[in-house]
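Asks: Heads up: the sequence shown begins at 47 in this note's numbering, then just goes up one per residue. Just so it is clear, CB atoms sit at the ideal spot from N, CA and C, and this is done for glycine as well.
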Amino acid sequence: MTVHAHPDDESSKGAATMAKYIAEGASVLVATCTGGERGSVLNPQMDRPEVLADITNIRRKEMDRAREILGVDQAWLGFVDSGLPEGDPLPPLPEGCFGLQDPQEAAKPLIKLIREFRPHVMTTYDENGGYPHPDHIMCHRVSVAAFDAAGDPGLYPELGEPWQPLKLYYNSGWTRARMLALHEGMLAAGLESPYAEWLEKWSDRNDRGDKITTRVECGEYFSVRDDALRAHATQVDPDGFWFHIPLEMQQKVWPTEDFELARSLVDSPIPESDLFAGIREKVEAA
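(1) Which full runs of the beta strand (DSSP E) of 3+ residues lie inside the segment 265-324, going along the chain?
(2) For a test of the three-state rule: what should DSSP assign to D198, helix, strand or coil?
(3) The beta strand (DSSP E) that contains Y216, what's its start and end?
(4) Can you list, in chain order, the residues of its chain with a C-beta nearer than 7 Å to that of S314? Leave out the 5 residues immediately preceding and following it.
(5) Note the first and the last residue of the continuous alpha helix (DSSP H) segment covering D55.
(6) Between the segment 254-274 and the segment 112-131, are three or more C-beta pairs nearer than 8 Å?
(7) Of the residues K59, V87, Q91, R84, which one's Cα is nearest the Cα of V76?
(8) With DSSP run on the structure shown, which of helix, strand or coil describes G334?
(9) Assess, as a yes-or-no matter, whether the segment 184-193 is touched by the segment 148-158 under the definition of 3 or more beta carbon pairs within less than 8 Å.
(10) DSSP three-state label for H182, please.
(11) Quick check on Q296: buried or exposed, where buried means 16 or more other Cβ atoms within 10 Å of its Cβ?
(12) Is it right to say E327 is buried, meaning 16 or more other beta carbons lie within 10 angstroms of its own, or is it exposed?
(13) Residue range of the alpha helix (DSSP H) that Q81 falls in?
(14) I need the DSSP call for G124, collapsed to helix, strand or coil.
(15) Please report the distance separating the alpha-carbon of G85 from that of V299.
(16) Could you pull out every residue in the same chain whose Cβ sits closer than 7 Å to the Cβ of H290, ignoring the five residues on either side in sequence?
(17) Near P284, what residues of its chain come up, given a Cβ to Cβ distance below 6 Å and the 5 sequence neighbours on each side ignored?
(18) In the structure shown, what three-state DSSP assignment does T221 receive?
(19) Starting from the Cα of F175, find the closest Cα among Q120, G124, G219 and give me that residue.
(20) Give the secondary structure of R94 by DSSP, where H, G and I count as helix, E and B as strand, and everything else as coil.
(21) Hey, would you say I258 sits closer than 8 Å to F287, going by beta carbons?
(22) Determine the direct distance from the alpha carbon of P135 to that of I344, and round the result to whole angstroms.
(23) Near E108, what residues of its chain come up, given a Cβ to Cβ distance below 8 Å and the 5 sequence neighbours on each side ignored?
(24) Let me check understanding here. Comparing Cα to Cα, which of D181, A308, L311 lies closest to A152?
(25) Alpha carbon to alpha carbon, how far is G231 from A51? Give it in angstroms, no decimals.
(26) In whole angstroms, what is the alpha-carbon distance linking R261 and E204?
(27) Tell me the rounded alpha-carbon separation between M225 and L245.
(28) Report the residue from D172, E132, R105, D148 whose alpha carbon sits nearest the alpha carbon of N89.
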């Protein structure tokens, strides 16, 4: 089970890993906390009044298409997008939005989903949300609360039979090592790198590269990931930043998606190459 803040997050964070495990016979459920109702239109081709007027329905349709491409199941948790506050000082978050929920209360629909789907592995964001969007930070808090509570028979008996996932991972985003490898690969091939300016300013960014525990080889599914990203047409410019590095270059230079093991109830030596390391042995022995 992967838990994400908005539709499109599932396609930019761990999508190739999901596609790989589905191809190997696993079942994958994406839990989407909000509908992305307050998201901006980031693709100039979709920046039209009629799109903005119907953004809620359009983003749901985009999620349906991405789900089909990835081969996952998907469930909405039903919370309202907080939007990304801007300004100095930052304005207050909108009343009733996801970012203002009590994490223990907001975890209940996710606990119910865990007990119904019974995942062995969960993925979500780190305590900073991957980046400090209020919905991403709340997604982390809700995911951790649900992971801890879902297996406790003394908590929320009305939400179903207890089920304890065995491992919780945080998605790893853009580390300096990954960006530098792709940057140098582009230059070595005589191509212009889109990352030069980012790397010059990297000292201002938080880099959790040293926390990565698990690298999943999934380069052959990068095209599936990219197709799922393009399905979120309001959020992803098909001519934009995401697609500046040739697919073959990505598969050669950095063919993994990377994760940080946050909680584990099984033995699995670090570093890992499989989110189910330690679980496969436990299930087979049962």
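Replies: So, from the listed chains and residues:
(1) 302-310
(2) Locating residue 198 in the sequence shown gives position 152, counting from the first residue. DSSP places D198 in coil when its eight states are reduced to three.
(3) To locate residue 216, count along the sequence shown from 1; it is residue 170. Note, Y216: beta strand (DSSP E), 213-217.
(4) Start at 1 with the first residue of the sequence shown, and residue 314 comes out as number 268. So the list reads A323, G324, once near-sequence residues are dropped.
(5) Taking the first residue of the sequence shown as 1, we reach residue 55 at position 9. Taken as a continuous stretch (DSSP letters only), the alpha helix (DSSP H) holding D55 covers 55-58.
(6) yes
(7) Within the sequence shown, residue 76 is the residue found at index 30, counting from 1. Measuring from the Cα of V76, the nearest candidate turns out to be K59.
(8) Because the chain in this structure spans residues 47 to 332, residue 334 falls outside the shown range and cannot be described.
(9) yes
(10) Looking up residue 182 in the sequence shown gives position 136. In this structure, H182 counts as helix in the three-state DSSP scheme.
(11) Numbered from 1 along the sequence shown, position 250 holds the residue referred to as residue 296. The residue in question, Q296, is buried, as its Cβ has 16 or more Cβ neighbours within 10 Å.
(12) In the sequence shown, residue 327 corresponds to position 281, counting from 1. With fewer than 16 other Cβ atoms within 10 Å, it is exposed.
(13) On the sequence shown, residue 81 is found 35 positions in, with the first residue counted as 1. It should be noted that the sequence gives Gly, not Gln, for residue 81. Where G81 is concerned, there is no enclosing alpha helix (DSSP H), given that its DSSP letter is neither H nor E.
(14) Numbered from 1 along the sequence shown, position 78 holds the residue referred to as residue 124. Three-state result, G124: strand.
(15) Here residue 85 refers to the residue found at position 39 of the sequence shown. Here residue 299 refers to the residue found at position 253 of the sequence shown. Cα-Cα distance, rounded: 32 Å.
(16) Your numbering for residue 290 matches position 244 in the sequence shown. Excluding sequence neighbours, H290 sits near P240.
(17) Taking the sequence shown and counting its residues from 1, one reaches residue 284 at position 238. The answer, listed in chain order, is R276.
(18) In the sequence shown, counting from the first residue as 1, residue 221 sits at position 175. Three-state result, T221: coil.
(19) Here residue 175 corresponds to residue number 129 of the sequence shown, with the count starting at 1. Phe is not the amino acid found at residue 175; the sequence shown has Gly there. When each option's Cα is compared against that of G175, the closest is G219.
(20) The sequence position of residue 94 within the sequence shown is 48, counting from 1. Residue state, collapsed to three classes: coil.
(21) Position 212 of the sequence shown, counted from the start, is the residue given in the question as residue 258. Position 241 of the sequence shown, counted from the start, is the residue given in the question as residue 287. No. Outside cutoff.
(22) Because the chain is modelled from 47 through 332, residue 344 falls outside the range shown and cannot be assessed.
(23) Taking the sequence shown and counting its residues from 1, one reaches residue 108 at position 62. Taken in chain order, the residues that qualify are P53, D54, A277, H278, A279, T280, Q281.
(24) Position 106 of the sequence shown, counted from the first residue, corresponds to residue 152. It is D181.
(25) For the purposes of this step, residue 51 is taken as residue 5 along the sequence shown, with counting starting at 1. For the purposes of this step, residue 231 is taken as residue 185 along the sequence shown, with counting starting at 1. In a straight line, the C-alpha of A51 is about 32 Å away from that of G231.
(26) On the sequence shown, residue 261 is found 215 positions in, with the first residue counted as 1. On the sequence shown, residue 204 is found 158 positions in, with the first residue counted as 1. Answer to the nearest angstrom: the Cα atoms are 38 Å apart.
(27) Within the sequence shown, the letter at position 179 stands for residue 225. Within the sequence shown, the letter at position 199 stands for residue 245. Taking the straight line joining both Cα atoms gives about 8 Å.
(28) On the sequence shown, position 43 is the one that residue 89 refers to. When only C-alpha atoms are compared, the closest one is R105.
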